[in-house]
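Data block below; observations after.
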Amino acid sequence: MSYTRKTSPLDLLNNLRPQQNDERYRDIVEELVDALFLVKPISGAFFYVNDKALAFSGYARADFNTLHLVDIFSPDQSAEVLKIIYNVEAGVNYSLRNILFRARSGVLIPIDIRLSGCTRGDEDFVMILIREYTQRTPTQSLNRHRASITALGEMIEALPHAVSDDVIEHTLGMARQMLGADSVILYWRSVNPMGLRIGRAINFPSKFPSHIAADDPDLKSAAFSWRLGERPTSALARAARAENFAAIHSHVISDRLSLLGLFVVMYAEPDSQPPDTTALTAIAAHYFSALLIQLRRTQTAQGIETYASEVSQQLEAIMSQTNEGILRINATGGVVDLNSAAESLLGFHLEDMVNEPLEDVLVASQPLASQLIETLKRGARWDGVETDLVRRDGESLAAFVRATPLLDRNNVFIGGLIVITDRRQQKFFQTQSDHLERRAWLGDVSAIFAHDVRNPLNGISTGLGLFATKFLPPDPLAERVSMMQAEVVRIDQLVNNVLLAVKSSETHYQQTSLVPLLTRTLIRWAPRLAKLNIQLEKEIDPNTPQVMADLNQMDQVFTNLIVNAVDAIGNDGTLSIKSFKATHPQTPRGNFIELIFSDTGPGIPLEIQQRIFDPFITTKADGTGLGLAITKRIVNAHKGSIFVESFSGIGTAFHIFLPIAEKESN
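Position one of the sequence shown corresponds to residue 616 (our numbering), numbered consecutively onward.
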């Protein structure tokens, strides 16, 4: 049923006084193609009927003097139809469809009704035009039915695939198509203020409210409808009348627990709404309820999936960045995943290890995998054990292995994580620490030994000096005494070197340039270099920055390096000495000067280069191996560094880096 404020053929009668003997009135109504009944709404009595009404109803004209409206409608519909007819306002046209007309024979005939309220003076009348339902245009009804079925099918098909709020607007358009409505609105539940707020709309009328109060009559029951001519009792009905809509239908959208919103349908034309508008509106409202629930589930699932993906990515990032090897096993102890660190440590690749038993992957010098799995199956952590693992290539890997169980929400064991920490570097550092500790102990012992040997050695030297005065050449004992004195001198020098290597001497730092010291040292060595036919090449930058240094100790460094170079060259070679501000790639961080002592000797074997600065390591048959150890100790004490480059058959170069004095670097 629908209605609208439109003109119609009945409007021509509104200004005519409806008298039965008025010829103009009778001419007009008899020309109408529809059966016409003119009634008084208060009593329901018939005032006039045209000839087509007599033919349609089967009653004689005299019969209508005693008939009332209630007599010509189906008992099931008469109450609702009469309510509408009695409330039609003057100047308002109203349409009813699928009404059952009761003819004189008692047969119920499906009809469509058009109503028009009119007035003359103080008298109100309702003009009723009746047309049999079969006279509708079949094509229009069929097309509307097809459109409704098509739209409903599309809505049902789209429901399982709803993943975002964008589908609501699309579905709203299909609901409008299904109902053949002029405007459709979705209101959503509002908490502040309580009620409903505007959500989505198609052709939203400007005078419609954006908010509906919680106590509005539209929300009192599931379904609500209003037609033009009825008294508006809600905000939507008042807005519909203000916008000249013929009818408005609404249905609440809810789940089983609470109100979710309201679906509103509006029609501008009285004939535009389908006969089953109320049922279709309810179907659309239930559909939107299911759609909201589906969206809520989908968005929840998407949120869980997104969270799981983020957690997975974070775990993958952690596993890829950590230096510890991580393996994941399943409930049966098969390997299902491992990170790149585990691949590197064990020498396996994931594709080679998937579903392989842990016993075949985590091979240790002692039983490990079986005990670890048994512990995890009990839901307990494996606190860790130091062990030597056997890599795939057979090499040994010092490692620390620990594990934690993986349980589902029911605390059922589903697998475990095994963490492998590489202990090779720690083991190396421990070895180095033990070595340094032994060296420190040896240094202390050497210092005590050298100190205790020096006193008797002085006594022996004094005694040999006395013997030397008693035995003069060519006495054979004189040569023996001289040889003994030389050995005592050598031992004394060795004792002094030992003390210098193991015992820190008093250092006096001062800001100074090393260029004059280096120059004096080379002048002192010039005669011996010339005697051995060793050519000296100097590249000493006079602008070499100053350093904080102990000149006596640095003189010893220069002397030790020159002695080593001369011994390596022997005869006929080149000694090169350079001094400048450091630019070498191995220069420590900061500002340094660089000193280079290089020779054209035979070079140092590779296996000795790595330990050349250790005490008692030497390539000379009569060397003590303490010179370079003393040199490195002095350089380190000056916060500098030293390293060697040597090539067999080419020569050797020692690079010394010393920090520039702060006043010089500023």
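Glycine included, every Cβ here is placed at the ideal spot set by N, Cα and C.
- Query: Does the beta-carbon of Tyr922 have 16 or more other beta-carbons within 10 angstroms, so that it is buried, or is it exposed?
  - Reply: Looking up residue 922 in the sequence shown gives position 307. With fewer than 16 other Cβ atoms within 10 Å, it is exposed.
- Could you work out which residue in Ala883, Glu845, Ser840 and Ile771 is closest to Asn818 when comparing CA atoms only? Locating residue 818 in the sequence shown gives position 203, counting from the first residue. Nearest to Asn818 by C-alpha distance, out of Ala883, Glu845, Ser840 and Ile771, is Ala883.
- To the nearest angstrom, report how far apart Gly999 and Ser980 are at their CA atoms. Taking the first residue of the sequence shown as position 1, residue 999 is located at position 384. Taking the first residue of the sequence shown as position 1, residue 980 is located at position 365. In a straight line, the C-alpha of Gly999 is about 15 Å away from that of Ser980.
- Could you check the C-alpha separation between Val1259 and Gln928 for me, to the nearest Å? By one-based count along the sequence shown, residue 1259 stands at place 644. By one-based count along the sequence shown, residue 928 stands at place 313. Taking the straight line joining both Cα atoms gives about 47 Å.
- Can you tell which of Phe1173, Gly1185 and Val976 has its C-alpha closest to the C-alpha of Val1130? Residue 1130 sits at position 515 when you count from the first residue of the sequence shown. The shortest Cα separation from Val1130 among Phe1173, Gly1185 and Val976 belongs to Phe1173.
- Message: Considering only the alpha carbon of each residue, which of Gly1216, Gly1205, Gly1266 and Ile724 lies closest to Ser1256?
- Response: Indexing the sequence shown from 1 puts residue 1256 at position 641. When each option's Cα is compared against that of Ser1256, the closest is Gly1205.
- Query: Over what stretch of residues does the beta strand (DSSP E) that includes Asn708 continue unbroken?
  - Reply: Translated into the one-based positions of the sequence shown, residue 708 becomes position 93. Asn708 -> beta strand (DSSP E) spans Asn708 to Arg717.
- How about Ile944 and Phe903: do their beta carbons lie closer than 7 Å? As a first step, residue 944 must be located in the sequence shown, where it is residue number 329. As a first step, residue 903 must be located in the sequence shown, where it is residue number 288. Result no, Cβ atoms of Ile944 and Phe903 do not sit closer than 7 Å.
- Indicate the three-state DSSP secondary structure (helix, strand or coil) for Phe1195 in the structure shown. On the sequence shown, position 580 is the one that residue 1195 refers to. In the structure shown, Phe1195 sits in a strand (DSSP, three-state: E or B).
- In angstroms, rounded to a whole number, what distance separates the CA positions of Asn954 and Val978? Looking up residue 954 in the sequence shown gives position 339. Looking up residue 978 in the sequence shown gives position 363. Looking at the two C-alpha atoms, the distance is approximately 18 Å.
- Query: Going by alpha carbons, who is nearest to Tyr709 out of Ile743, Val685, Pro690 and Pro725?
  - Reply: Sequence index remark: in the sequence shown, residue 709 carries index 94 (1-based). Of Ile743, Val685, Pro690 and Pro725, the residue nearest in Cα terms is Ile743.
- Query: Which residue spans inside the region 923-965 form an unbroken beta strand (DSSP E) run of at least 3?
  - Reply: Taking 3 residues as the shortest admissible run, the region 923-965 contains the following complete beta strand (DSSP E) segments, listed from N- to C-terminal end: 940-945 and 950-953.
- Going by CA-CA distance only, name the one from Pro847, Asp870 and Ala1252 that's closest to Ala861. Reading the sequence shown from its first residue, position 246 is the one you call residue 861. It is Pro847 whose Cα lies nearest to the Cα of Ala861.
- Boundaries of the alpha helix (DSSP H) in which Gly788 is found, first to last residue: On the sequence shown, residue 788 is found 173 positions in, with the first residue counted as 1. Following the DSSP letters along the chain, one finds Gly788 inside the alpha helix (DSSP H) bounded by residues Asp781 to Leu794.
- From Ile700, Lys655, Pro690 and Gly706, residue whose alpha carbon lies closest to that of Asn680: Position 65 of the sequence shown, counting from 1, holds the residue named residue 680. Comparing C-alpha distances from Asn680 to each of Ile700, Lys655, Pro690 and Gly706 shows the shortest one belongs to Lys655.
- Message: Just verifying my parser: in three-state terms, what is the DSSP assignment at Met809?
- Response: In the sequence shown, counting from the first residue as 1, residue 809 sits at position 194. Met809 falls in the coil class under three-state DSSP.
- Query: Tell me, which residues are paired with Val654 by DSSP?
  - Reply: By one-based count along the sequence shown, residue 654 stands at place 39. BP columns for Val654 point to Phe661 and Val741.
- DSSP beta-bridge partners of Ser865: Your numbering for residue 865 matches position 250 in the sequence shown. Bridge partners of Ser865: Phe839 and Val879.
- With a Cβ-Cβ cutoff of 7 Å, do Ile1211 and Ala1268 count as a contact? Here the question's residue 1211 lines up with position 596 in the sequence shown. Here the question's residue 1268 lines up with position 653 in the sequence shown. It is a contact, given that the beta carbons lie within the stated cut-off.
- Closer than 7 Å by C-beta to Gly949: which residues in its own chain qualify, once you throw out the five before and the five after it? Chain order, please. Your numbering for residue 949 matches position 334 in the sequence shown. Close CB contacts of Gly949 within its chain, under the 7 Å cut and outside five residues either way in sequence, are with Asn970, Glu971 and Pro972 (chain order).
- Which one of Gln888, Val664 and Asn1251 has the shortest CA to CA distance from Asp1165? Your numbering for residue 1165 matches position 550 in the sequence shown. Measuring from the Cα of Asp1165, the nearest candidate turns out to be Asn1251.
- Message: On the DSSP bridge list, what partners appear for Glu971?
- Response: Counting from one through the sequence shown, the residue named residue 971 turns up at place 356. DSSP, once it has assigned bridges, lists no residue as partnering Glu971.
- Message: In the DSSP output, which residue or residues are listed as bridge partners for Lys992?
- Response: Counted from its first residue, the sequence shown places residue 992 at position 377. Beta bridge pairing from DSSP links Lys992 with no other residue.
- Message: Suppose the cutoff is 7 Å on Cβ atoms and the five residues either side in sequence are ignored; what does the same chain contact list for Gly1266 look like?
- Response: Taking the first residue of the sequence shown as 1, we reach residue 1266 at position 651. By the criterion of a C-beta distance shorter than 7 Å, Gly1266 is surrounded in its chain by Ser1213, Asp1214, Thr1215, Gly1216 and Gly1218, once the five residues flanking it on both sides are discounted.
- Kindly give me the distance between the Cβ atoms of Lys822 and Ala857, rounded to whole angstroms, as I take these residues to be in contact under 8 Å. On the sequence shown, position 207 is the one that residue 822 refers to. On the sequence shown, position 242 is the one that residue 857 refers to. Taking 8 Å as the upper bound for CB-CB distance, Lys822 and Ala857 are in contact here, some 5 Å apart.
- Give me the Cα-Cα distance between Val1005 and Lys992, rounded to the nearest whole angstrom. Residue mapping note: residue 1005 aligns to position 390 of the sequence shown, counting from 1. Residue mapping note: residue 992 aligns to position 377 of the sequence shown, counting from 1. Cα-Cα distance, rounded: 25 Å.
- Continuous beta strand (DSSP E) stretch holding Gly999: start and end: In the sequence shown, residue 999 corresponds to position 384, counting from 1. Run containing Gly999: Trp997 to Val1005, per the beta strand (DSSP E) assignment.
- Tell me, which residues are paired with Leu723 by DSSP? The residue you call residue 723 lines up with position 108 of the sequence shown. DSSP lists Arg717 as partners of Leu723.
- Return the first residue and the last residue of the alpha helix (DSSP H) that Ile671 is part of. Here residue 671 refers to the residue found at position 56 when the sequence shown is read from its first residue. Note on identity: in this sequence residue 671 is Phe, with Ile being the wrong assignment. Run containing Phe671: Asp666 to Ser672, per the alpha helix (DSSP H) assignment.
- Check whether the Cβ atoms of Ala828 and Gly844 lie closer than 7 Å to each other. To locate residue 828, count along the sequence shown from 1; it is residue 213. To locate residue 844, count along the sequence shown from 1; it is residue 229. It is not a contact, given that the beta carbons lie outside the stated cut-off.
- Could you check how far apart the C-beta atoms of Leu669 and Arg676 are, in whole angstroms? I think they sit under 8 Å. In the sequence shown, the residue the question calls residue 669 occupies position 54. In the sequence shown, the residue the question calls residue 676 occupies position 61. Contact flag correct, Cβ pair sits at about 6 Å.
- Are His1253 and Leu1221 closer than 7 Å when you measure CB to CB? For the purposes of this step, residue 1253 is taken as residue 638 along the sequence shown, with counting starting at 1. For the purposes of this step, residue 1221 is taken as residue 606 along the sequence shown, with counting starting at 1. No, the Cβ-Cβ distance between His1253 and Leu1221 is not below 7 Å.
- Message: In chain order, what are the residue ranges of uninterrupted beta strand (DSSP E) at least 3 long that sit wholly in the region 1135-1165?
- Response: Entirely contained in the region 1135-1165, the beta strand (DSSP E) runs reaching 3 residues are, in chain order, 1149-1155 and 1162-1164.
- Query: Among Gly788, Ile1029 and Met1098, which one has its Cα closest to the Cα of Thr947?
  - Reply: For the purposes of this step, residue 947 is taken as the residue at position 332 of the sequence shown. Check the Cα spacing between Thr947 and each of Gly788, Ile1029 and Met1098: the tightest is with Ile1029.
- Query: So is His964 buried or exposed if we call it buried at 16+ other beta carbons inside 10 Å?
  - Reply: Residue mapping note: residue 964 aligns to position 349 of the sequence shown, counting from 1. By the 10 Å Cβ count, His964 comes out exposed.
- Quick one: measure Cβ to Cβ for Asn607 and Gly1242, integer angstroms, because I've assumed they're closer than 8 Å. This structure does not reach residue 607, given that the chain is present from 616 up to 1281, and the question cannot be answered.
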